[in-house]
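Participant:
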Amino acid sequence: MKFFFNNLRLNSPFAVALLRRTGAAVPIILFIFAIPVFADITPWADVWTNGAYYSTNGENSNFRAVQLRSEGRFGFNFGESSPTKPYIVYYGSYGQDPNYWNNNLAVGGGVRSMPFVSFETTSWALEWIRDTKIYAEILTLNFLKGKATAEANGVKTNDYRIGIDIWHEWNLQNAKAKAPWAEMWTRIDYRNTNFYDPMSGLDKFQNFLGYFQLKIGRHLPGGVRPYLASYLTISGLKKVWLNNLYYGAGIRMEPFRDQENSPELLRKFKMYIEGLNISYLAELDPTRPVTDMRFGIEFTYGR
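Residues 1130 to 1432 in the numbering used here are what the sequence shown spells out, letter by letter.
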């Protein structure tokens, strides 16, 4: 984690907002770290970060901007048998686009449980069950750009969520080179507001939102991995930005994953490029773009 904090730009709007929102928790965190080892309390982190150039945002064919997206959870294990894990959470987005919906930071607290972590199976198709997380979160939103517009529109700044999250990898740890690999992430939750903008035509949210991401590929020498990818977003609200499917092919390079002496934070660092088609599952609009090209970097830690 030292590498992460040493390289965080503390003067960036993203970092300033994160520190402002979480600053009150710092004394508590320091206190817990000071608890003697016999208390059997250990810290944990779950981080996903993606920085990429996008040729479109699914709405504007001329979007063509760099966007940083990240989410992270930081908490403590209270003994190996602890059924629940409280944590601090953030969801952030920041980039070249001036609109508030691409430049914001949600911060709050949550608790999650992994009820099937001891699940035993000999089938690769059921391995993911062990990684099922049930969670609840309370969040507040901070605008990094376009704050005046967001406030004038009455954008909601509080939300709570209850749902299920799963991240699972096949044949990426101690990989068998001749066998395919796969990476799956899915999340479905109920959201009270989802920080909706009343100007978008919604008078409330109070519905479910689901994501499903699947990548399947092959191993090549040097950590090069071509793959097929799909990104599905679905909701009970029939809005185009909440119901769509991106699908296509990509190739990524993971230079540190197979190196035994590489830092743990960089072990899942990826450089990638993707070409995708877009299908809209609600409110069909012929003016919306139907293809996207993106390239960038991504890393995960603790998942």
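Glycine included, each C-beta is placed from N, C-alpha and C at the ideal position.
Taking the C-alpha atoms as reference points, what is the distance between Y1430 and L1273?
Facilitator: Working through the sequence shown from its first residue, we reach residue 1430 at position 301. Working through the sequence shown from its first residue, we reach residue 1273 at position 144. Approximately 25 Å between the Cα atoms of the pair.
Participant: So P1215 packs on S1242, CB below 8 Å; how close in whole Å?
Facilitator: Here residue 1215 corresponds to residue number 86 of the sequence shown, with the count starting at 1. Here residue 1242 corresponds to residue number 113 of the sequence shown, with the count starting at 1. Their Cβ separation, rounded to whole angstroms, is 11 Å, which puts P1215 and S1242 out of contact at 8 Å.
Participant: Tell me the DSSP bridge mates of K1262?
Facilitator: Position 133 of the sequence shown, counted from the start, is the residue given in the question as residue 1262. Answer is D1294, bridged to K1262.
Participant: Which residue wins for smallest C-alpha separation from R1320, given the options K1305, I1293, W1314 and H1297?
Facilitator: Here the question's residue 1320 lines up with position 191 in the sequence shown. The option with the nearest alpha carbon to R1320 is I1293.
Participant: State buried or exposed for S1222, treating a residue as buried only when at least 16 other CB atoms are found within 10 Å of its CB.
Facilitator: Sequence index remark: in the sequence shown, residue 1222 carries index 93 (1-based). It counts as buried.
Participant: Could you say which of Q1388, I1170, R1202 and S1329 lies nearest to N1303 if we only look at CA atoms?
Facilitator: As a position in the sequence shown, residue 1303 is number 174, starting the count at 1. When each option's Cα is compared against that of N1303, the closest is Q1388.
Participant: So what does Y1340 bridge to, in DSSP terms?
Facilitator: Counted from its first residue, the sequence shown places residue 1340 at position 211. Answer by DSSP bridge pairing, in chain order: R1316 and T1362.
Participant: Enumerate in chain order the residues of its own chain whose CB-to-CB distance from F1245 is below 7 Å, with the five nearest sequence positions on each side excluded.
Facilitator: Residue 1245 sits at position 116 when you count from the first residue of the sequence shown. Only I1258, R1259 and T1261 meet the Cβ criterion.
Participant: Give the straight-line distance between the Cα atoms of N1336 and A1265, rounded to the nearest whole angstrom.
Facilitator: In the sequence shown, the residue the question calls residue 1336 occupies position 207. In the sequence shown, the residue the question calls residue 1265 occupies position 136. In a straight line, the C-alpha of N1336 is about 15 Å away from that of A1265.
Participant: Could you tell me whether the region 1363-1373 touches the region 1393-1405, using the rule of 3 or more Cβ pairs below 8 Å?
Facilitator: The region 1363-1373 is not in contact with the region 1393-1405.
Participant: Is it true that the CB of R1290 sits closer than 8 Å to the CB of D1318?
Facilitator: The count along the sequence shown starts at 1 and reaches residue 1318 at position 189. The count along the sequence shown starts at 1 and reaches residue 1290 at position 161. Contact: yes.
Participant: Once the 5 residues before and after L1268 are set aside, which same chain residues still bring their CB inside 6 Å of it?
Facilitator: Working through the sequence shown from its first residue, we reach residue 1268 at position 139. The answer, listed in chain order, is A1235, G1237 and D1288.
Participant: So what does DSSP say about Y1325, is it helix, strand or coil?
Facilitator: Along the sequence shown, read from residue 1 onward, the residue named residue 1325 stands at position 196. Residue state, collapsed to three classes: coil.
Participant: Over the uninterrupted beta strand (DSSP E) stretch that includes K1214, give me the two end residues.
Facilitator: Counted from its first residue, the sequence shown places residue 1214 at position 85. Its beta strand (DSSP E) spans residues K1214 to G1224.
Participant: Do you know how far the Cα of L1361 is from the Cα of E1249?
Facilitator: The residue given as residue 1249 occupies position 120 in the sequence shown. The residue given as residue 1361 occupies position 232 in the sequence shown. Those two C-alpha atoms are separated by around 29 Å.
Participant: Buried or exposed for L1405, going by 16 or more other Cβ atoms inside 10 Å?
Facilitator: What you label residue 1405 is simply residue 276 of the sequence shown in a count that begins at 1. Label assigned to L1405: buried.
Participant: Can you tell me where the alpha helix (DSSP H) with N1282 in it begins and where it stops?
Facilitator: Numbered from 1 along the sequence shown, position 153 holds the residue referred to as residue 1282. K1276 to N1282 is the span of the alpha helix (DSSP H), which, as asked, contains N1282.
Participant: Give the DSSP bridge partners of D1421, in chain order.
Facilitator: Mapped onto the sequence shown, residue 1421 falls at position 292. According to DSSP, which records beta bridges pairwise, D1421 is partnered with L1405.
Participant: Let me confirm a value: G1365 is counted as buried when at least 16 other C-beta atoms fall within 10 Å, else exposed. Which label applies?
Facilitator: In the sequence shown, the residue the question calls residue 1365 occupies position 236. With fewer than 16 Cβ atoms within 10 Å of its Cβ, G1365 is classed as exposed.
Participant: Assign D1332 to one of two classes, buried (16 or more other C-beta atoms within 10 Å of its C-beta) or exposed (fewer than that).
Facilitator: Residue 1332 sits at position 203 when you count from the first residue of the sequence shown. D1332 is exposed by the Cβ-count criterion.
Participant: Rounded to whole angstroms, what is the Cα-Cα separation between D1414 and T1185?
Facilitator: Here residue 1414 corresponds to residue number 285 of the sequence shown, with the count starting at 1. Here residue 1185 corresponds to residue number 56 of the sequence shown, with the count starting at 1. Going from the Cα of D1414 to the Cα of T1185 covers about 15 Å.
Participant: Could you tell me which of I1217, W1230, G1180 and W1173 sits nearest to F1205, measuring between CA atoms?
Facilitator: Your numbering for residue 1205 matches position 76 in the sequence shown. Nearest option by C-alpha distance: W1173.
Participant: If we ignore side chains and look at the alpha-carbon of each, how far apart do I1164 and E1393 end up?
Facilitator: If you number the sequence shown from 1, residue 1164 lands on position 35. If you number the sequence shown from 1, residue 1393 lands on position 264. Model confidence at I1164 stands at a pLDDT of 46, short of 50, so the residue's coordinates are unreliable and nothing is read from them.
Participant: By the three-class DSSP mapping on this structure, what secondary structure does A1254 have?
Facilitator: Locating residue 1254 in the sequence shown gives position 125, counting from the first residue. In this structure, A1254 counts as helix in the three-state DSSP scheme.
Participant: Return the CA-CA distance between H1425 and M1382, expressed in angstroms with no decimal places.
Facilitator: On the sequence shown, position 296 is the one that residue 1425 refers to. On the sequence shown, position 253 is the one that residue 1382 refers to. According to the sequence provided, residue 1425 is Gly. The question's His does not apply to it. Near 11 Å, if we compare the C-alpha coordinates of M1382 and G1425.
Participant: Do you know how far the Cα of I1380 is from the Cα of N1231?
Facilitator: As a first step, residue 1231 must be located in the sequence shown, where it is residue number 102. As a first step, residue 1380 must be located in the sequence shown, where it is residue number 251. For N1231 and I1380, the distance between alpha carbons rounds to 26 Å.
Participant: Considering only C-alpha positions, which residue in the set N1323, I1295 and W1299 is nearest to W1314?
Facilitator: Taking the sequence shown and counting its residues from 1, one reaches residue 1314 at position 185. Among N1323, I1295 and W1299, the Cα nearest to that of W1314 belongs to I1295.
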